[in-house]
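Visitor:
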Amino acid sequence: MKSTCCIEAIATDPASRGIGVASALLNYVFDHLPFRVFNF
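First residue of the sequence shown? That's 1 in full-length UniProt numbering, and the numbers climb one at a time after it.
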């Protein structure tokens, strides 16, 4: 199993900013991918 995941960027449409879309995407990744460390 790989231990590190690197996330370079997350972009959201201007109309969707500030309502938690990017946070929800990141939380999904944290909960469902088999990595222990996430680098940004």
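Note that the Cβ used here is the ideal one computed from N, Cα and C, for glycine as well.
Cα separation between Ile7 and Ala15?
Guide: Approximately 23 angstroms between the Cα atoms of the pair.
Visitor: I need the straight-line Cα distance from Asp31 to Leu25, nearest angstrom please.
Guide: Roughly 10 angstroms separates the two Cα atoms.
Visitor: Which runs of the beta strand (DSSP E), 3 residues or longer, sit entirely within the UniProt domain "N-acetyltransferase" (4 to 33)?
Guide: Segments of the beta strand (DSSP E) lying fully in the UniProt domain "N-acetyltransferase" (4 to 33): 4 to 6.
Visitor: Using only the alpha-carbon positions, how far apart do Val37 and Ala9 sit?
Guide: Approximately 16 angstroms, taken between the alpha carbons.
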